[in-house]
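K.L.:
Structure incoming, see below.
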DNA sequence: TCCTTTACTTGAATCATTCAAGTTTGCTGC
DNA sequence: GCAGCAAACTTGAATGATTCAAGTAAAGGA
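Chains as they are written, first to last, in the working numbering: chain A, 119 to 265; chain B, 119 to 265.
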């Protein structure tokens, strides 16, 4: 299905701004709101930043976009939704990279004890240095991850 | 070792404010900065909010506190550091609950492909509803976690 | 006890994000 | 194809957690 169809299916109206958002986010790499706004304006002319925020929220609620919010850095968005993947985030430059779950359908992501919580999602973020930033700082070989 | 000793070991000066922060965070349950500030003032009288922010950062850098930053909610702190535990966060009330890693020393937290990243930490947050909020909203039985 | 460095105070600034009110536009029904 | 309504968009302002800056106070080694 195309973006317009997906929008309708989510009960959202099809507008130039929203199609441009889908294209921009889909063509980019975990873009932040500012970058999305720039991309949208390049495609369809002036669109207000607030419209971008509003649409991003609507698209996320509708399941067309996934929101990524690494601690201490602005929100980013991606079009890869509904699957089982996590993110590597660079501490130095903020770059975000997709990484598949180590165990397929995330059995280890169900907490041993859920303490009575009704769990509906598990967010996993790996923190580290991306290859370019590693080269810059001359970091040693990888250690293992600790939780 | 007591808090004063831990502070010195981290190369930090021992002050009434910092000891009060350690006590407050240790005695509380994943408190946010405002709550920590209140607790500190109760213990040692007026301390500026900025001093609390500054000390929390210093204590975190020194490894005496762990910072928890669930997406979309203010930063929280805890004294349980250096072990392998994750967090359950309630979508409704924001409550944070500790949960041990399902697999001991987090083998599944090493990404399949680290894409060349030098990974040093993995953050895992489970999102859901805590028991009281579940009761309020009359939610059904738990689903399994998806990543 | 002195001196240097670190911690703290007060006050202002930042920045992502949200709220509010009014206007425009997509789209359903006629 | 047109009317009407709700959703989307615009402009402008507000919010709130966090940080920055400059000056004062106090910890702790010499």
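C-beta: ideal position from N, C-alpha, C; glycine also.
1) Put residue 190 (chain A) into one of helix, strand or coil per three-state DSSP.
2) Taking the beta carbon of residue 167 (chain B) as the centre, do at least 16 other beta carbons fall within 10 Å, making it buried, or is it exposed?
3) Quick one: list the residues of chain B neighbouring residue 189 (chain A), beta-carbon separation under 7 Å, in chain order.
4) Is there at least one Cβ from chain A nearer than 8 Å to residue 252 (chain B)'s Cβ?
5) When the cut-off is 8 Å and only beta carbons count, does residue 246 (chain B) lie next to chain A?
6) Are residue 163 (chain A) and residue 146 (chain A) closer than 8 Å when you measure CB to CB?
7) Do you know offhand how far residue 187 (chain B)'s Cα is from residue 208 (chain A)'s?
8) Identify whether residue 198 (chain A) lies in helix, strand or coil by the three-state DSSP scheme.
9) Quick check: the stretch 173-192 of chain A against the stretch 165-184 of chain B, are at least 3 beta-carbon pairs closer than 8 Å?
10) Going by CA-CA distance only, name the one from B:144, B:169, B:134 that's closest to residue 161 (chain B).
11) Go ahead and pull the three-state DSSP assignment for residue 153 (chain A).
12) Excluding five sequence neighbours on each side, which residues of the same chain lie with their C-beta closer than 6 Å to the C-beta of residue 132 (chain A)?
13) 8 Å is my cut-off, CB to CB: does residue 234 (chain B) come that close to chain A?
14) Secondary structure at residue 129 (chain A), three-state DSSP: helix, strand or coil?
15) Quick check: the stretch 208-217 of chain B against the stretch 244-253 of chain B, are there 3 or more CB pairs under 8 Å?
16) Exposed or buried, which one is residue 241 (chain B) when buried takes at least 16 other CB atoms within 10 Å?
17) Chain B beta carbons: is any one of them nearer than 8 Å to that of residue 249 (chain A)?
18) What residue range is occupied by the uninterrupted beta strand (DSSP E) comprising residue 236 (chain B)?
19) Determine the chain A residues that contact residue 243 (chain B) at a beta-carbon separation under 9 Å, and present them in chain order.
20) Quick one: measure Cβ to Cβ for residue 199 (chain A) and residue 174 (chain A), integer angstroms, because I've assumed they're closer than 8 Å.
21) For residue 196 (chain B), does the count of other Cβ atoms within 10 angstroms reach 16, so buried, or fall short, so exposed?
22) With a threshold of 8 Å between beta carbons, is residue 137 (chain A) in contact with chain B?
23) From residue 159 (chain B) to residue 218 (chain A), what does the alpha carbon distance come to, in whole angstroms?
24) Could you give the DSSP three-state label for residue 121 (chain A): helix, strand or coil?
25) Pull the bridge partners of residue 204 (chain A) from the DSSP assignment, please.
26) I need the straight-line Cα distance from residue 192 (chain A) to residue 151 (chain A), nearest angstrom please.
27) Please report the straight-line C-alpha distance between residue 190 (chain A) and residue 172 (chain B), rounded to a whole angstrom.
28) Quick one: using the 10 Å Cβ neighbour count with 16 as the cut-off for buried, is residue 116 (chain A) buried or exposed?
P.N.:
On the basis of the supplied data:
1) coil
2) exposed
3) 187
4) yes
5) yes
6) no
7) 17 Å
8) coil
9) no
10) B:134
11) helix
12) 122, 125
13) yes
14) coil
15) yes
16) buried
17) yes
18) 236-247
19) 239, 240, 241, 242, 243
20) Incorrect: roughly 13 Å between the Cβ atoms, too far for contact.
21) buried
22) no
23) 46 Å
24) helix
25) A:217
26) 8 Å
27) 16 Å
28) The structure shown has nothing for residue 116 (chain A), since chain A only spans 119 to 265.
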